[in-house]
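In what follows, a single structure is set out as structure tokens and then discussed.
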Amino acid sequence: MLWSQNASPLRSRNGCLVDLSDKSCTFKVTLRNFRVILSWELKNHAIVPDRYTLQYTVISRPDSVKIVEHCSNITASFCDLTDVWEVLPETYVVTVDGFRGNTTLVTCFIDFFLAAFISLEPPEFDIVNFTDHINVNVNFPPVLPKILEELLQFHLSLIIEEQSGEIVKKHNPALDENVIGNFTYVIDKLLPNTNYCVSVYFMPRNLEAIRRSPVKCTFLQPARDTEF
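Numbering of the sequence shown is given in the UniProt record's numbering, commencing with residue 1 and proceeding in unit increments.
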């Protein structure tokens, strides 16, 4: 998809992401490479489980407790819930049990409103330079998970930040649920013999804090005269 330049973690009430934790664990939910990843860390590092099992329910259906099969008896302290959780504005109740052998060493419990606590990592991208413009290629998944459709359409802005010297310009392509696969955004009307740096990130529409990608820079060479 080619877009020209003419073409939320969302926050809690006090404007900040609140720590997700109980007495035993600290949780974090992250949008990473367009995957919803829930991770946890034990507060007592002397407790060392050899495997974990995650189960959850949603507050609107409290009697339906589900064990996530691909996050049952796992050694990693995280779980990919992209294809399990389908609703962003929902309160999820999560229990993680840590085992060693047949013994339960720890049980962690948390409930949270997903739209208010998801942390957004910037998307991957690359740039291709020409004499007077730069193509910014942003990597979207070939199939957009259902839970992300609403997030991208209503809660996020994609920002492509262009910097040359002290001049910073922000480009804001429109996003919708049909954004899939890689697409190219064109930053045009640039000057040759000039160094440009580009960063790509998500700007939540109701949160000031953002996570920028590392910048990528390129030098636009002057056009060469064609000899006849």
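Each residue gets a CB set at the ideal place from its N, CA and C atoms; glycine is no exception.
Exercise for review: Could you tell me whether the Cβ atoms of Phe109 and Thr95 are closer together than 8 Å?
Suggested key: Closer than 8 Å, so yes.
Review point. Which residue from Asn193, Cys25, Ser24 and Thr75 puts its Cα closest to that of Phe130?
Key: Minimum Cα distance to Phe130 is reached at Asn193.
Check your understanding: Count the other CB atoms within 10 Å of the CB of Leu191; is the residue buried (16 or more) or exposed (fewer)?
Key -> So Leu191 counts as exposed.
Review point. Do the segment 168-181 and the segment 139-156 touch if we need at least three Cβ pairs shorter than 8 Å?
Key: Under the 8 Å Cβ criterion, the segment 168-181 counts as touching the segment 139-156, having at least three qualifying pairs.
Review point. CB Leu54 to CB Val68, shorter than 8 Å?
Key: By the CB criterion at 8 Å, Leu54 and Val68 fall inside the cutoff.
Point to revise | Residues near Leu105 in its chain [Cβ-Cβ closer than 7 Å; skip 5 each side] | key: Ile47, Pro49, Gly98 and Phe99.
Practice item. Round the Cβ separation of Ile159 and Asn172 to the nearest angstrom and send it over; I've been treating them as touching at under 8 Å. Key: Their Cβ separation, rounded to whole angstroms, is 6 Å, which keeps Ile159 and Asn172 in contact under 8 Å.
**Study point:** Exposure of Ser64, with buried meaning 16 or more beta-carbon neighbours within 10 Å
**Key:** Ser64 is classed as exposed because its beta carbon has fewer than 16 other beta carbons within 10 Å across all chains shown.
Exercise for review: Could you spell out the range, first to last residue, of the alpha helix (DSSP H) harbouring Phe117?
Suggested key: Per DSSP, Phe117 belongs to the alpha helix (DSSP H) from Leu114 to Phe117.
Point to revise | Residue environment, Ser60, which counts as buried when at least 16 other CB atoms sit within 10 Å | key: Exposed, by the Cβ-count rule.
**Study point:** Ranges of the beta strand (DSSP E) found wholly within the segment 24-109, counting only runs of at least 3
**Key:** Runs of the beta strand (DSSP E) inside the segment 24-109: 25-32, 35-42, 51-58, 61-74, 78-80 and 91-100.
Review point. Arg211: buried (16+ other C-beta within 10 angstroms of its C-beta) or exposed?
Key: Arg211 comes out exposed.
Check your understanding: With C-beta atoms as the reference, is Val215 less than 8 Å away from Val136?
Key -> No; because the gap between Cβ atoms is not below 8 Å, this pair is not in contact.
Exercise for review: Give a yes or no on whether the C-beta atoms belonging to Asp83 and Ile37 are separated by under 8 Å.
Suggested key: At a Cβ-Cβ threshold of 8 Å, Asp83 and Ile37 do not count as neighbours.
Review point. What are the boundary residues of the alpha helix (DSSP H) that Lys146 is part of?
Key: Residues Lys146 to Glu150.
Review point. Across which residues does DSSP place Glu124 in a beta bridge pair?
Key: Bridge partners of Glu124: none, in fact.
Review point. Less than 8 Å separating the beta-carbons of Asp111 and Val93?
Key: Yes, they are a contact pair.
Review point. What are the boundary residues of the beta strand (DSSP E) that includes Arg164?
Key: The amino acid occupying residue 164 in the given sequence is Ser; Arg does not appear at that position. According to the DSSP assignment, Ser164 belongs to the beta strand (DSSP E) that extends over Leu156 to Ser164.
**Study point:** Cα-Cα separation between Leu175 and Asn33, rounded to whole angstroms
**Key:** Cα atoms of Leu175 and Asn33: separation of roughly 16 Å, rounded to the nearest angstrom.
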